[in-house]
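What follows is one structure encoded as structure tokens, with my remarks underneath.
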Amino acid sequence: MRIGFNFLASGFTTPAGQSETNLDDFLTFAAQYGASDVVLQSYNTFGAVPGTERWEFEDLLKLRMQVESHGLHLEALENVPTAFYDHIMLGGPKRDEQIENMIHTVRSIARAGIPIFGYNWMPSNVWRTSFHTLNRGGSKVSSYDHHEHMNAPFTHGREFTEEEMWCNLEHWIKIITPIAEEEGIRLGVHPPDPPVKSVGGIPRLLTGFEEYKRLIEIVDSPSNAIEFCQGTFSEMEDAADGGIYDMVRYFGERGKILYVHFRNVSNPGEPFQEEFINTGHVNMYKMIKVYQEVGFPGVLVNDHVPNTIGDSQWGHQGRAYANGYIQALMDVVAEETAAEAEAEAKSSPDVSAAAGSSSDIYGPDATVSRGIPLGESSHEPKRSIFAPPGPAMIKTPNPAMLPEGETDAQTN
Amino acid sequence: MSMRIGMGRNSASDAQAMRFMAQLGIQDVVLNTPPVPVKNGKWELVDIIALKNRVEEFDLKLTAIENTQIDMRNDLITGGPKFDEQLENMVETIKNIGRAGIPMYTMSWRYPRYYRTGHVDIGNGAMGTAYDSEVEHWPDVLDFEMTLESAWECLETWVRTITSVAEEYGVRIGLHPVDPPMPVVAGVPQLLHNFEGYKRLIEIVDSPANGILLCQGSFSQMAGADKDSGPSIYEMIEYFVKRKKVLYVHFRNVSGTVPKFHETFINTGYVDMYKAMRIYAENGFDGFFMDDHVPHTVGDTDYGHRAKAYANGYIQALIETTTNTSLHGAH
Amino acid sequence: MASDFNLRPAIAYGANTTDEALRTAAQYGIEDAVVYYGPGAGQSPDFQDYVALRLRFESYGLKIIAIEGGFSPHRKWHDVVFGGPRRDEMIEQLQDQVRFMARAGIPIYGYNWMPNSWGRANPVTIRGGAMGTAYQWDFDKERRPLMYGEPMSEDNMWDCIEYWIKAITPVAEEEGIRLGIHPEDPPVEDRGGVPGLLRSFDAFKKLMSFSDSHYNAIEFCQGTFSEMPGEDIYEMIEYFAKRDKILYVHFRNVSGQAPSFNEEFINTGYVDMKKAMRTYRDAGYKGSFIDDHCPIMEDDADFPGNLGGYRSRLFAQGYIQGVIDGVTREGDYGGPVSTSASNGGTA
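Rendered as structure tokens:
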């Protein structure tokens, strides 16, 4: 397991239009706070990467190089502008054209050496009813109360049915998954936030446990996976009564968790409000242990945080706090795992020890960049398909390889 | 004859404070214990005139001085060793106030001082001062014994001496009650804590110069003021206004009476301020009203500019509406 | 009973107001708010924005009684005001806005019809060194260029506003939100070649005649109505209040009528505010009064999104509450106190 930050690739500009933090400064921030990985966001808007219909290889490679120049690893890109794929989601007239463009975009991301592409399936994006809900000590959080949105006007002109929305999703997954697999990139769908059945005439689809099972069964492939926003999963009604741990276990065991948005909320179902990382209904310590248990070796990033006094609009201090908390949990769980392994090794001397000799996940014994030492505990994590991209997956920039339909992928 | 709007401040030296009052249209300025130099135990005419001129620089009228420094008068109330000296000095001071053309001198007839035992949240973080006799543990402050008789002797001597002087020099004297209005505070008997005390006061000498600073806030804190049998605050107002004894009014509101109360916004206390205002108007009151203590609200200064602006606006509206007149002659 | 009259103070806020400003209203017991928001020069708010706004105010015990915002000053919308090729498209967008507000639980949308925006010249010094905004038509006439190179036709503008009212009122009715237009401020014949349509009593009668609907009403800026040359403010209040056309009131005062006036403290203008309040009361108006513009007082912290700082605003608020209390209570006593010895109060 590794720790990372989630940044807007174009830097953060306040709603009033002031540039608050550029990407370089974000990357410096991440490195200073001990992150190993970065996820780059576009929030479904234009501007993160050039292009009004699709993204190009050189631009994405530049991004990756910029991240690596700070000694960090670009683990995933998250989201493209909604206008790239709204017809795919809604079955509109430009669907096929958008599918072609999205294929191009996915290939470009893959060839730029970025191993994961996460995206959502929300034509009308994230909904909240308030951004000024008061939390501890007067801090502010966002919240959702569906009652206030029951009369929302149609966002796309009419009421859409669940059948047609599932149809559109399946059509897409069946097309893109083999291509992604071939390109060696893993794709994951973020749950709709909030995960209510429908709002503004659009069914939200991936709102629960069964729905996600259905998604991953459309095509059984490592490239048809989940961008695991734990925050949103814990807003689901299915998260109640320990359900959140069950879902992580289920999908984690099947290797479907690409990376995690590690945030907490007040309660499953709605109305809900966002919480500090350790004041929500999910036991985050227990959560880390579940990830450990299923051998998740990917990246955890902090996500929305409460707005506290003196903080920037992006939330530097809130996110640094959350990041510190996650690191502490990971250290503790690593220590415990190492101690357990040592205890077991002592009680059965034939098993070669050396287990957890480094409980410090950043220590010199770490065999994966800043991750837990692998292969040294008696518990064998299922991680072979999660290995970070080795040199073979990083393509040298060769323009001759760019045209669509190129099948010579040079993977190992 | 008309009812007017006033406001108080503890000094005239802050130009911004004076302009604040000018902008709100204050017609009568009261200065509480302004820092006039005490020379040989008295205030000199030249210093009082300087003070008055300062106020007039802002097109304001200095109508009343409310209290000189405490050590010019504390023995008058307690009968302490400096009683005679202070009496003489106060006589001179009053003469100078009169010579300077300031029509009113008011004083708090209480010792040691105004006090509260705490604060309460009166809603959404606004804070009002509070008094709770159970919490109060004020030790005796005097090192000699003071009886009720001796206390009255002091007050009577004061009134008999000062009233004719004040009359001659064109000054009206008005006494403010003890706040909180308890019969004994810190071992000192407090005479002006109820209706009976005030009735007796104005009977000592029947003169317009022997008057009352009707702190309506303190009066409404008096035991029984919230009951018709009290007498009620309304009855007390009527009684003294009818007899033309009221110089001016501290127009503020409270939650209830002693032994436990807290201050409120002008329109959220137990007193019906509109009803009260009508009583002044109906009985020919020709003095002024000022906002007094106000709650502390978010972002406000210690002086309470915002809360005072609110209270003062409210009072101006009540005066104008009750009497159907315009304070500032605009219409 | 005083509460039967249901006359209430309200404060006007900019949409991006601060917590301190909201908490202030809560502390002073003010429960109604008007918020400057709505379609403007840039991107228009969407449904979620209106919901989030309403909920934010509610967390301070404030009910948004109206969104107030003029789209007409922005060239973007001028096809609606003067007639133009994109008029119907613009009207559709505005209908959507009205729909969003209504669904978000906003009961009133107040706007203006002033392509030339609100007009003021240099402020003047009023009592004690405070400052009030001012207007002099001569000053303005000499300086303001023609907006569109030539004078615009008043008849055409009337046709366009009628078209608009007939297009928007059915939507308002269907969604259950009342709409009202603010008068032309200052109420002069024209500025920059653009006629000021809604500058008189008759103009508003004409506006109301376009649709009888409960949802076609008036954003009653008493301040501006009292600037209208030759009109009687009390008569206008009574006329429209009796017909239930007053959505809410901008309760501010001025020195006199156009073409030359300045703003004043609430009780130093030429309008007898208690007489005005009695007029609303007797005509059956049940609603809110906002402080609107307040004079600039010295050393006063800015009240975000509005003209006039905290102290100035709270003075007006105290006055408004006092006048409401006085005027609604005096019925219990048969009227104000008549002191024969008093020096002739004006009625």
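Protein chains in written order, with the working numbering: chain A, 1 to 412; chain B, 413 to 743; chain C, 744 to 1090. The beta carbon of each residue, even a glycine, is placed where N, CA and C say it ideally should be.
Counting only the same chain and skipping the five closest in sequence on each side, list residues whose C-beta sits under 6 Å from that of residue i.
| i | result |
| --- | --- |
| D303 (chain A) | G231, H261, R263 |
| G781 (chain C) | I810, G812 |
| V299 (chain A) | R2, G4, D37, E75, Y259 |
I'd like to know whether the C-beta of residue i is nearer than 9 Å to at least one C-beta of chain C.
| i | result |
| --- | --- |
| S312 (chain A) | no |
| R370 (chain A) | Because the pLDDT at R370 (chain A) is just 31, under 50, the model does not fix this residue reliably, and the point stays unresolved. |
| E148 (chain A) | yes |
| W127 (chain A) | yes |
| R466 (chain B) | no |
| H132 (chain A) | yes |
| L739 (chain B) | yes |
| D378 (chain B) | Absent from the structure is residue 378 (chain B), since the part of chain B shown begins at 413 and ends at 743. |
| A110 (chain A) | no |
| Y726 (chain B) | yes |
Which term fits residue i, buried or exposed, when burial requires 16 or more other beta carbons within 10 angstroms of its beta carbon?
| i | result |
| --- | --- |
| M150 (chain A) | exposed |
| Y321 (chain A) | buried |
| D1034 (chain C) | buried |
| N79 (chain A) | buried |
| R158 (chain A) | exposed |
| A1059 (chain C) | buried |
| G371 (chain A) | Legend: pLDDT at G371 (chain A) = 31, less than 50; position of this residue unreliable, value from coordinates given subsequently. Buried, by the Cβ-count rule. |
| K657 (chain B) | buried |
| A784 (chain C) | exposed |
In this structure, how does DSSP classify residue i when only helix, strand and coil are distinguished?
| i | result |
| --- | --- |
| G848 (chain C) | coil |
| E811 (chain C) | strand |
| E974 (chain C) | coil |
| F631 (chain B) | helix |
| N759 (chain C) | coil |
| P203 (chain A) | strand |
| D775 (chain C) | strand |
| A240 (chain A) | coil |
| V260 (chain A) | strand |
| R751 (chain C) | strand |
| Y660 (chain B) | strand |
| Y285 (chain A) | helix |
Does any residue of chain B bring its CB to less than 9 Å from the CB of residue i?
| i | result |
| --- | --- |
| R886 (chain C) | no |
| P913 (chain C) | no |
| T760 (chain C) | no |
| G1048 (chain C) | no |
| D928 (chain C) | no |
| T1022 (chain C) | no |
Which residues does DSSP list as the beta-bridge partners of residue i?
| i | result |
| --- | --- |
| G586 (chain B) | B:T518, B:G623 |
| S69 (chain A) | Looking at the DSSP assignment, S69 (chain A) forms no beta bridge with any residue, so it has no partner. |
| D440 (chain B) | B:G418 |
| P601 (chain B) | B:V596 |
| A542 (chain B) | B:G530, B:H674 |
| M874 (chain C) | C:T868, C:I1039 |
| Q273 (chain A) | A:S143 |
Closer than 7 Å by C-beta to residue i: which residues in its own chain qualify, once you throw out the five before and the five after it? Chain order, please.
| i | result |
| --- | --- |
| T308 (chain A) | S139, Q317, G318 |
| W455 (chain B) | V448, T480, T505, N508 |
Using a Cβ cut-off of 9 Å (strictly closer), state whether residue i contacts chain A.
| i | result |
| --- | --- |
| L837 (chain C) | no |
| L922 (chain C) | no |
| A764 (chain C) | no |
| E802 (chain C) | Residue 802 (chain C) is actually Ser in this sequence, not Glu. Closer than 9 Å to some Cβ of chain A, the Cβ of S802 (chain C) qualifies, so yes. |
| Q791 (chain C) | yes |
| G848 (chain C) | yes |
If you drop the 5 nearest sequence neighbours on each side, which residues of the same chain put their C-beta closer than 8 Å to that of residue i?
| i | result |
| --- | --- |
| R1072 (chain C) | A745 |
| I109 (chain A) | W55, L60, L77, F117, I185 |
The ligand HEM and residue i: does the residue's C-beta get closer than 8 Å to at least one heavy atom of that ligand?
| i | result |
| --- | --- |
| G812 (chain C) | Ligands displayed in this structure: none; no statement on the ligand HEM is therefore possible. |
Please name the residues in the segment 415-437 of chain B whose beta-carbon is closer than 8 Å to at least one beta-carbon of chain F, in chain order. Although the question refers to chain F, the structure presented lacks it and instead comprises the protein chains A, B and C.
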